[in-house]
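Notes to accompany the following structure.
There are 2 protein chains.
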Amino acid sequence: MAITVELLKRFSILRDLPEPTLLLLASQAVLRKFSRREIVVDPSEQKSALCFLFEGSLQGVDFTLDGREVGLYFVRPGDFCGEVALFDAGANPEFVIALSKSQVVILPYSALESVMYESKSLIKALSQRLAYRVRELTEQRSILSLPSIPQRIHRQLWQLTGLKADNIPSNEIEIIYPPTHQEIAIMLNTSRETVTRVFQTLLAEDIVQRNGTNSLIIKQPEKLYALSNTSEK
Amino acid sequence: MAITVELLKRFSILRDLPEPTLLLLASQAVLRKFSRREIVVDPSEQKSALCFLFEGSLQGVDFTLDGREVGLYFVRPGDFCGEVALFDAGANPEFVIALSKSQVVILPYSALESVMYESKSLIKALSQRLAYRVRELTEQRSILSLPSIPQRIHRQLWQLTGLKADNIPSNEIEIIYPPTHQEIAIMLNTSRETVTRVFQTLLAEDIVQRNGTNSLIIKQPEKLYALSNTSEK
DNA sequence: CATAACATGTGACTGTCATCACGTAAAATT
DNA sequence: AATTTTACGTGATGACAGTCACATGTTATG
């Protein structure tokens with residue numbers, strides 16, 4: 001399926017690129033649909049591609065020897081993934097799988113390798129993206145170090161809101177397509193049951209509210225924030 | 001203290017840069033000594049610098065709200081750190097502190113910002129470095145997901161050897177300036193006492209051996225590797 | 001619309017390890 | 001050489017959360 005420059009401009013990393021570069025990239029990109037649980041980025045693949053998420057949701061995951069799944073990060077529409085192996089001979093460090101039916105713009109490395117170091121704005125955007133990934137992984141590592149598991153869950157939920165500490169709305173906000181308890185559990189090194197139990201408490205205290213499968217309402221963001229920052233058990 | 005091009009060439013990321021670029025960088029770099037526990041990279045600093053470790057050892061750390069220290073990575077001589085904030089307006093995501101008396105070549109961002117996107121080999125090296133950081137953080141995340149804490153410690157020790165699974169020597173090898181139990185504990189989300197107890201077991205089974213403060217002998221690398229990969233409890 | 005597949009809820013049980021408290025050993029500093 | 005600081009060693013205790021087992025909702029899908 002053909003990709004237009006307009007479509008590429010929906011992705012912030014590409015938005016500011018010069019028109020000729022965008023045209024070149026668009027001509028080599030394809031749109032692909034992925035069904036639930038399908039693998040989008042496979043680290044064992046030799047030739048890989050940048051994957052821009054147009055619709056749906058993805059998760060970066062790793063696997064331990066015993067087959068246990070490890071959650072690394074979520075990919076939301078407008079975001080992209082699969083960039084790590086673009087820079088050297090190494091492979092991508094993780095799988096990316098579709099959490100729900102998703103549409104992804106596939107841009108093969110081969111389309112980029114020849115131009116990425118020539119276009120200052122492109123390489124700048126790409127390296128900024130890597131810097132962002134490092135920050136994100138560090139942030140997640142810091143959540144993992146929280147001694148209390150309920151607190152980890154509160155923090156992760158807070159993270160999913162995308163809110164900043166200096167701008168907490170008093171009214172409720174919505175998280176669309178929230179991850180399942182299992183998907184949250186593997187991000188936080190905990191078990192699904194524990195996530196369920198913590199959610200029960202949050203529901204009981206009227207801090208969050210379920211709203212069908214693909215919407216979660218944070219009724220009291222300030223309370224959630226407070227919980228994610230209290231070190232008392 | 002003045003820096004020579006020769007000195008810069010000791011660092012693999014700079015080695016292949018053209019001579020004029022190296023001269024330019026050398027003229028703006030300084031050598032600084034850090035004593036134990038001193039802060040090398042401070043995320044709250046506005047203007048930062050790349051820090052090339054010439055001698056000693058550093059650790060990237062983060063702090064939780066309750067003041068608990070979180071270990072992120074170790075920096076060994078020849079390596080460098082402080083590169084994340086170079087790419088955008090954001091700050092470095094973590095502290096880097098000196099674990100022992102260290103000598104560091106300080107290269108201010110200002111020396112790089114004007115040239116980094118112009119020199120293809122430089123920006124390439126820098127972005128490859130970021131890709132490496134992402135891989136390293138992912139690897140560490142995967143260690144953290146191991147359900148058994150002793151196994152985490154075995155894996156971390158194995159990591160410190162720098163050995164690859166496809167090349168395990170049958171003779172003993174040495175880890176110089178090994179981290180303290182405390183420093184290992186904060187990397188693995190565990191307590192110092194637990195690290196001590198696991199080391200006691202390894203000593204008893206003659207798999208490792210202490211050799212003064214700043215040397216640890218892995219007497220049986222293959223056994224350590226086996227332990228780091230057995231999922232039985 | 002029936003049935004399978006998946007997501008969530010809940011109780012009981014148990015092992016592991018964090019924490020506390022202290023002792024010893026080895027450096028570092030004076 | 002004396003003293004302080006830092007690293008390591010070890011036992012006792014208790015809480016937390018992982019695991020198992022199963023029930024109940026809820027969403028796909030033929």
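Quick mapping for you: the protein sequence lines, in order, are chains A and B.
Read in order, the letters of the first sequence are residues 1 to 233 in UniProt numbering.
Read in order, the letters of the second sequence are residues 1 to 233 in UniProt numbering.
Backbone N, C-alpha and C fix where the C-beta goes; we use that ideal spot for every residue, glycine too.
Remember, predicted model here, so these are calculated numbers, not experimental data.
C-beta neighbour in chain A for residue i, strict 9 Å
{"i": "Ser114(B)", "result": "no"}
{"i": "Asn171(B)", "result": "no"}
{"i": "Gly90(B)", "result": "yes"}
{"i": "residue 252(B)", "result": "Because chain B spans 1 through 233 in this model, residue 252(B) falls outside it and cannot be assessed."}
{"i": "residue 245(B)", "result": "Nothing about residue 245(B) can be read from this structure; chain B reaches only from 1 to 233."}
{"i": "Ser127(B)", "result": "yes"}
{"i": "Pro179(B)", "result": "no"}
{"i": "Phe74(B)", "result": "no"}
{"i": "Tyr117(B)", "result": "yes"}
{"i": "Lys124(B)", "result": "yes"}
{"i": "Leu144(B)", "result": "yes"}
{"i": "Gln140(B)", "result": "yes"}
{"i": "Asp206(B)", "result": "no"}
{"i": "Val70(B)", "result": "yes"}
{"i": "Pro153(B)", "result": "One point to set straight first is that residue 153(B) is Ile, not Pro, in the sequence displayed. It does not; no Cβ of chain A falls within 9 Å."}
{"i": "Lys120(B)", "result": "yes"}
{"i": "Leu50(B)", "result": "no"}
Residue i classed as buried or exposed, judged by whether at least 16 other C-beta atoms fall within 10 angstroms
{"i": "Arg36(A)", "result": "exposed"}
{"i": "Lys233(B)", "result": "The predicted position of Lys233(B) is uncertain, since its pLDDT is 40 and thus under 50; a value taken from the coordinates is nonetheless stated next. It counts as exposed."}
{"i": "Ser114(A)", "result": "exposed"}
{"i": "Ala85(B)", "result": "buried"}
{"i": "Pro169(A)", "result": "exposed"}
{"i": "Thr196(B)", "result": "exposed"}
{"i": "Ser102(B)", "result": "buried"}
{"i": "Phe63(A)", "result": "exposed"}
{"i": "Thr230(B)", "result": "exposed"}
{"i": "Gln140(B)", "result": "buried"}
{"i": "Gly67(B)", "result": "exposed"}
{"i": "Ala89(A)", "result": "exposed"}
{"i": "Leu65(A)", "result": "exposed"}
{"i": "Gly71(A)", "result": "buried"}
Contact set for residue i: own chain, Cβ-Cβ below 8 Å, skip 5 residues either direction
{"i": "Leu22(B)", "result": "Val5, Leu8, Lys9 and Leu14"}
{"i": "Glu19(B)", "result": "Val5"}
{"i": "Ile207(B)", "result": "Ile218, Lys219, Gln220, Lys223, Leu224 and Leu227"}
{"i": "Glu174(A)", "result": "Asn211, Ser215, Leu216, Ile217 and Ile218"}
{"i": "Glu205(B)", "result": "Lys223"}
{"i": "Lys47(A)", "result": "Pro108, Tyr109 and Ser110"}
Distance, residue j Cα to residue i Cα
{"i": "Ala49(B)", "j": "Glu172(B)", "result": "38 Å"}
{"i": "Phe11(B)", "j": "Leu112(B)", "result": "16 Å"}
{"i": "Glu136(A)", "j": "Thr213(A)", "result": "26 Å"}
{"i": "Leu216(A)", "j": "Arg210(A)", "result": "5 Å"}
{"i": "Leu131(B)", "j": "Pro179(B)", "result": "Just to set this straight, residue 131(B) is Ala in the shown sequence, not Leu. Rounded to whole angstroms, Ala131(B) to Pro179(B) spans 25 Å at the Cα level."}
{"i": "Ile218(B)", "j": "Ala2(B)", "result": "39 Å"}
{"i": "Ile149(B)", "j": "Thr190(B)", "result": "7 Å"}
{"i": "Cys51(A)", "j": "Gln128(A)", "result": "17 Å"}
{"i": "Phe80(A)", "j": "Leu53(A)", "result": "6 Å"}
{"i": "Val41(A)", "j": "Asp166(B)", "result": "25 Å"}
{"i": "Thr194(A)", "j": "Tyr177(B)", "result": "40 Å"}
{"i": "Val104(A)", "j": "Lys33(B)", "result": "50 Å"}
{"i": "Asp16(A)", "j": "Ser44(A)", "result": "32 Å"}
{"i": "residue 234(A)", "j": "Tyr109(B)", "result": "It is not possible to answer for residue 234(A), since the shown part of chain A is limited to 1 through 233."}
{"i": "Ala91(A)", "j": "Val198(A)", "result": "37 Å"}
Cβ of residue i within 9 Å of any chain B Cβ
{"i": "Glu94(A)", "result": "yes"}
{"i": "His167(A)", "result": "Note that residue 167(A) corresponds to Asn in the displayed sequence, not to His. No, because no Cβ of chain B sits closer than 9 Å to the Cβ of Asn167(A)."}
{"i": "Ile3(A)", "result": "no"}
{"i": "Pro20(A)", "result": "no"}
{"i": "Tyr132(A)", "result": "yes"}
{"i": "Pro150(A)", "result": "no"}
{"i": "Val40(A)", "result": "no"}
{"i": "Phe11(A)", "result": "no"}
{"i": "Leu86(A)", "result": "yes"}
{"i": "Asp79(A)", "result": "no"}
{"i": "Leu160(A)", "result": "no"}
{"i": "Thr213(A)", "result": "no"}
Contact set for residue i: own chain, Cβ-Cβ below 6 Å, skip 5 residues either direction
{"i": "Arg152(B)", "result": "Ile143, Leu146 and Leu188"}
Residue i CB to nearest heavy atom of the ligand SAM below 8 Å
{"i": "Met116(B)", "result": "Among the components of this structure there are no ligands whatsoever, and the ligand SAM is therefore not found."}
Contacting residues, own chain, Cβ-Cβ under 7 Å from residue i (five flanking each side not counted)
{"i": "Gln182(A)", "result": "Arg192"}
{"i": "Leu202(A)", "result": "Val208"}
{"i": "Ile106(A)", "result": "Ala29, Val30, Arg32, Ala49 and Cys51"}
*Would you say the segment 153 to 164 of chain B touches the segment 211 to 231 of chain B, given that touching needs at least three Cβ pairs under 8 Å?*
The segment 211 to 231 of chain B and the segment 153 to 164 of chain B touch, with three or more beta-carbon pairs separated by less than 8 Å.
*Pair every Cβ in the segment 67 to 76 of chain B with every Cβ in the segment 117 to 125 of chain A, then say whether three or more of these pairs are closer than 8 Å.*
No: fewer than three Cβ pairs fall under 8 Å.
*asked:* With three or more beta-carbon pairs closer than 8 Å as the criterion, would you say the segment 93 to 104 of chain A touches the segment 39 to 58 of chain A?
replied: Yes, they touch.
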